[in-house]
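There are 4 protein chains.
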Amino acid sequence: MVYSRTDLALESREMYRHNIEEKSEVPGVEVNEEDSDGILITRVKIVSKEGEQALGKPCGSYITLEVPGLHQGDPHKYQRVCQLLSDEIRRLVDAPQKGSILVIGLGNRNVTADSLGPKTIEKLMVTRHLFEQIPDQMDDSLQSVCALAPGVLGITGIETGEIVRGVVDRIKPSLVIAIDALAARRIDRMNTTIQIADTGINPGSGVGNSRQALSRDTLGVPVIAIGVPTVVDAVTMANDTVGLVVDAVKEQAGADSAIFKMLCGMNEQDKYQLISGVLTPYVGELTVTTKQVDSVMDKMSKVLANGVNMAVHDDITLEEIENYLG
Amino acid sequence: MVYSRTDLALESREMYRHNIEEKSEVPGVEVNEEDSDGILITRVKIVSKEGEQALGKPCGSYITLEVPGLHQGDPHKYQRVCQLLSDEIRRLVDAPQKGSILVIGLGNRNVTADSLGPKTIEKLMVTRHLFEQIPDQMDDSLQSVCALAPGVLGITGIETGEIVRGVVDRIKPSLVIAIDALAARRIDRMNTTIQIADTGINPGSGVGNSRQALSRDTLGVPVIAIGVPTVVDAVTMANDTVGLVVDAVKEQAGADSAIFKMLCGMNEQDKYQLISGVLTPYVGELTVTTKQVDSVMDKMSKVLANGVNMAVHDDITLEEIENYLG
Amino acid sequence: MVYSRTDLALESREMYRHNIEEKSEVPGVEVNEEDSDGILITRVKIVSKEGEQALGKPCGSYITLEVPGLHQGDPHKYQRVCQLLSDEIRRLVDAPQKGSILVIGLGNRNVTADSLGPKTIEKLMVTRHLFEQIPDQMDDSLQSVCALAPGVLGITGIETGEIVRGVVDRIKPSLVIAIDALAARRIDRMNTTIQIADTGINPGSGVGNSRQALSRDTLGVPVIAIGVPTVVDAVTMANDTVGLVVDAVKEQAGADSAIFKMLCGMNEQDKYQLISGVLTPYVGELTVTTKQVDSVMDKMSKVLANGVNMAVHDDITLEEIENYLG
Amino acid sequence: MVYSRTDLALESREMYRHNIEEKSEVPGVEVNEEDSDGILITRVKIVSKEGEQALGKPCGSYITLEVPGLHQGDPHKYQRVCQLLSDEIRRLVDAPQKGSILVIGLGNRNVTADSLGPKTIEKLMVTRHLFEQIPDQMDDSLQSVCALAPGVLGITGIETGEIVRGVVDRIKPSLVIAIDALAARRIDRMNTTIQIADTGINPGSGVGNSRQALSRDTLGVPVIAIGVPTVVDAVTMANDTVGLVVDAVKEQAGADSAIFKMLCGMNEQDKYQLISGVLTPYVGELTVTTKQVDSVMDKMSKVLANGVNMAVHDDITLEEIENYLG
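Taken in order, these protein sequences are the chains called H, Y, W and L. Number 66 in our numbering belongs to position 66 of the first sequence; there are no gaps in the numbering. Number 1057 in our numbering belongs to position 57 of the second sequence; there are no gaps in the numbering. Number 2215 in our numbering belongs to position 215 of the third sequence; there are no gaps in the numbering. Number 3265 in our numbering belongs to position 265 of the fourth sequence; there are no gaps in the numbering.
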């Protein structure tokens, strides 16, 4: 399980259930599904240590919106998704926020598939400086919002967590929202799924390395993480296609055949290493992505930015936001 | 064979030999290999209809330079590759050229992995306008060179071949050099291999659709095609990993086992469709690429541009070119 | 007059009248003005050789839309301007077009203030290839449209006019529309004014060098030129500010004073050279522009693209275009 | 004086001396000039309150390298300037640094003429994370270096000074180097002059607003500021050309003439407002820049990054840096 990389709690759950037994829910996990006119909303809640272990993710709520064709630019779908995203963010954040909201755009703006966070930041209605400069002219319905794209370790030489903590210590926001590009396991979730979580985010992923996480523990304020899978790890994809062949063998030769047992006996780690062997001659991280990734990033960052804009400012419409931003 | 997509004649040959019998050469094909201090130069020459059929590519010479680590930016390797590329281009073009040389940068500049052609064009020493404006000041060692990035069908609505023929009819070059991003089958050839061919190029690939090819037939002048594989087709990669499992089964269960026969009985088309099933929920072309593709394109376009610059102008050094271009 | 650079017929007329006598119209020129709810539409028609000489531009119609704040992104203004632009294009093109319409995006995409043409091309509804590939599925209200961004002389080594003529000879369009970034004389016209002309366009400007013009004469089909001034020439701006001082002197010292006569005696050429002296130590073309030029180009190219989209396709709304383009 | 905007201490001094008396040095200011084979090095040292008042800049050293043609890409000149820049930085920083050096890239990466800081950051040899991850493999000659591009107020809603102080508090560097695009008064200094100062930098300029300055006072560590003028303010340029006419009047009519007295009687503020009147109809900041600004920024950021790389790491050559960065 550890070997197939996904940032979606939804997929961690699918993998767990696929491996063990399809019917029952993962222990320590509560799930609620809702279909909103073709958009599937799944709310996965990890409620215990057992659930944390099973899914490899910390306790908390993980909501996904699965929107087939999201990246294709239908304007009606776009408006609905902005509204749904705004609604789900508001569900996760209880009370109205008194202090500023700080939005962090994670990722490397020079690597297209990783540029979602920095691109989203640039489309936000940022107001904190206006509340300081012209407080009398600011409408009550507006929230104080500020933003930061801290860059990535390879360019800054500083852990993202350190930069964010330095800024949080100084400006003392009441809430942090972190935006990031994610990796999915399933190709059809790429660029079509939005995950919102109240557990923060770990640049580098996994439960370990928590010192660098952006979370309530490290920052002292609630942290909402919002992301879209923009790539599928190439090794993961290869792994999954091998699984299909194993399934075909099972159908033909039967689950009792020696060959099927041999294939199944190959544990996850062996399988992963077999496949890595094909891919590793290449130096650099291999990902499966779509050729249209450049234009898809523009669209997805607009969806995230406006979902956040509508969530944090009161009674503001998409049209008003687009007027404001010009 | 038709189902694994590669633009490299080298790989078409590998696949042919893998499927039939490893030892003998492909009929109608002549091959010559040379190791130049760690850089493998392979010259595949298709000399008959039989060779065309076997490799699915038109008669002519296909030279590959395989340069491990080419995309990583070692300056000494970079200088050697520019020189080797220049030498191989000069081998393919017999006599010195009297008229202009027209370099075509194929591909979509807004899709990073497809932007190699347009990016290369921008780094060329273009001189044709200077020969017209200030002929007295032009050095004899310089060649008249011009360039065009015609764009892609989805943006222009015009077949690339039509645009190029229109321009060729008007400026009547003595040679056309076409630069394009290619697809490889093997991951380790991505961003590390350069192919030079004297057969022209077919935007869209394959032997058919020859009306739109850029070739001596359609343009009336020799056409050299130069490309670097920047992606591996995701279906191809999945296909190849399945092959690994089949090999593992063969080793364990023996080539005579029923299950191995079943797996082998699955013909290429069935296998391809099985795998396509996993990938097709996603709308858009899926490719395996490296996260660093943006910076890799900058480096590779510089290598191609300077290889061409050194090939077409006489007695000019890399340093002089870099001075000239500033 | 020759020394203040403007691409707007409107400004050539203003300068002529300023220099000679304010009241009367320029001989050989007919002018019609219309205020459409804050947008000033001026239609300058040069009808004779005398008019050509006076304004330094060829006979034909030049329409300007002056839209204060156009570059600031008010969505209602944006919609109105797209509609007005579409209406004025349709006024200039008499009959419905049977063949394809070819849209040329002039300028250098790597120089922000010059990228208006190439950026506009990318936002067009291009359909010519669809009429060839899937004619049965094409709606009657759609026009066959194709596009080309030919690049600039310094990068291609080929005169833009040659490239365009080569392509026009091959695809034989019924109409050419050329899009370009222009230079204005007055700062307040920068990024706020659209000029539409039926006289074609001359990459490099002026009446001379007509061999390279894109016009009915050189291409054999009607040519509509559409542009927005994105820069003001720095020398022009300096020149105009000096004029202000001269006016101040006149007011104080009187028009009969020796000093005023001296200043006025300084002819245009002397004045221009005096000012050029201050600016010429810098190698390269100096322009006055706005710091926001990058984002302004995105907005202006969208206005031009959609004005053209609405003009060439029948009964299509802005919303339908935005759905189509995604 | 206040009305002509320049960030160069060199030009503040020129303006002061021009207005008062050419011969004597500005009180409280010490100047040293050196010609290094065509590159003019001027070291302006403001040593007292009187000097601060006269030049409108805080006490400290301001060194300029004036390099005609710097932006044109001659590789030999490029190497010399990197070395000179490195030498001057080392002159300003006394002792070897024990802690990390933090380099701040100021400015807006989406506004080409303002992108110098962020672009420079991306070309640095950043090592701080390597000293933490693989201390055993780090060479003694290397310095721990980290970097940050904090963005601009309009996008983040946070004063740049606040972000930097937050990060400085956390990582406690021993030295801060701030990189920024500047404004010059004279056109021929644009893109050809580098200023290095040990007084820090004030995003927003001027002596006031010191709360937001990046300086030893606010950050508690030495701050070196390095910048290149990339624009000339349009109002400044207009103002200067008017000065030329006044000079011409003086020559013709004599310094005693009534008209010359009238012109000179017009105080700086009146003149500035007269000129602003011509330019202000346009909303947005107007600057004079070169059309080639996009490619010039690439070259200048490379010069600054490598000057800094050579200054902070010991015994490292330009060639080694370029190998390292690839």
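The beta carbon of each residue, even a glycine, is placed where N, CA and C say it ideally should be.
- Along the stretch 2131-2164 of chain W, going in chain order, the ones with a CB nearer than 7 Å to a CB of chain Y are 2145, 2146, 2147, 2148, 2149, 2151, 2153, 2155, 2156, 2157, 2158, 2162 and 2163.
- Residues of chain Y with a Cβ closer than 7 Å to the Cβ of residue 3118 (chain L) do not exist; the shortest Cβ-Cβ separation is about 16 Å.
- With respect to residue 2101 (chain W), residue 2312 (chain W) sits close: the two C-beta atoms are nearer than 7 Å.
- Of the residues Y:1011, Y:1069 and Y:1033, the one whose Cα lies closest to the Cα of residue 1299 (chain Y) is Y:1069.
- Residue-level contact check: residue 3005 (chain L) does not touch chain H, since none of the beta carbons of chain H fall below 7 Å from its beta carbon.
- The three-state reading of DSSP puts residue 1121 (chain Y) in helix, counting H, G and I together.
- A Cβ-Cβ separation of about 11 Å leaves residue 2031 (chain W) out of contact with residue 2055 (chain W) under the 8 Å criterion.
- The straight-line gap separating the alpha-carbon atoms of residue 98 (chain H) and residue 3033 (chain L) is approximately 56 Å.
- Around the Cβ of residue 117 (chain H), a 10 Å sphere holds 16 or more other Cβ atoms; the residue is buried.
- The Cβ atoms of residue 1080 (chain Y) and residue 1063 (chain Y) do not sit closer than 7 Å to each other.
- Per DSSP, reduced to three states, the secondary structure at residue 2040 (chain W) is strand.
- Boundaries of the alpha helix (DSSP H) harbouring residue 51 (chain H): 49-55, taken from the DSSP string.
- When H:316, H:13 and H:35 are compared, the shortest CA-CA separation from residue 53 (chain H) is found for H:13.
- From the beta-carbon of residue 3228 (chain L), no residue of chain W is found nearer than 8 Å; the closest lies around 14 Å away.
- In this structure, residue 2160 (chain W) places its C-beta atom within 7 Å of the C-beta atom of residue 2203 (chain W).
- No Cβ of chain W is located within less than 7 Å of the beta carbon of residue 3180 (chain L).
- Judged by their CB atoms, residue 2170 (chain W) and residue 2006 (chain W) are not nearer to each other than the 7 Å cut-off.
- For the pair of segments examined, the stretch 1168-1182 of chain Y was found not to touch the stretch 314-325 of chain H: the number of CB pairs separated by less than 8 Å stays below three.
- Residues of chain W whose Cβ lies closer than 9 Å to the Cβ of residue 320 (chain H) do not exist; the shortest such Cβ separation is about 10 Å.
- By the neighbour-count definition (other C-beta atoms within 10 Å, threshold 16), residue 3075 (chain L) is an exposed residue.
- For residue 3305 (chain L), the closest of L:3137, L:3122 and L:3048 by C-alpha to C-alpha distance is L:3122.
- About 5 Å separates the CB atoms of residue 3288 (chain L) and residue 2288 (chain W); that is less than 8 Å, so the two are in contact.
- For a cut-off of 8 Å, the C-beta gap from residue 1093 (chain Y) to residue 1187 (chain Y) is around 32 Å, too long to register as a contact.
- Below the 8 Å Cβ cutoff, chain W contributes 2158, 2162, 2163, 2166 and 2167 as neighbours of residue 1167 (chain Y), in chain order.
- The C-beta separation of residue 3114 (chain L) from residue 3181 (chain L) comes to about 5 Å, placing the pair in contact by the 8 Å criterion.
- When secondary structure is reduced to three states using DSSP, residue 3063 (chain L) falls in the strand class.
- At a cut-off of 7 Å, the C-beta of residue 2234 (chain W) has a neighbouring C-beta in chain L.
- Under the 7 Å criterion on CB atoms, residue 1076 (chain Y) is classed as non-interfacial with respect to chain W.
- For residue 311 (chain H), the uninterrupted alpha helix (DSSP H) run begins and ends at 293-312, by DSSP.
- For residue 1317 (chain Y), the closest Cβ of chain H is not nearer than 7 Å.
- Between residue 2291 (chain W) and chain L, the shortest Cβ-Cβ separation is below 7 Å.
- Put simply, the CB of residue 198 (chain H) is far from chain Y, with every gap to its CB atoms at 7 Å or more.
- Against chain L, the CB of residue 185 (chain H) has no partner CB under 7 Å away; the residue lies outside that interface.
- For the C-beta of residue 1287 (chain Y), the chain H residues within less than 9 Å are, from N- to C-terminus, 288, 289, 290 and 291.
- Annotated three-state conformation of residue 1175 (chain Y) is strand, per DSSP.
- Ranking Y:1103, Y:1165 and Y:1132 by CA distance to the CA of residue 1119 (chain Y) puts Y:1103 first.
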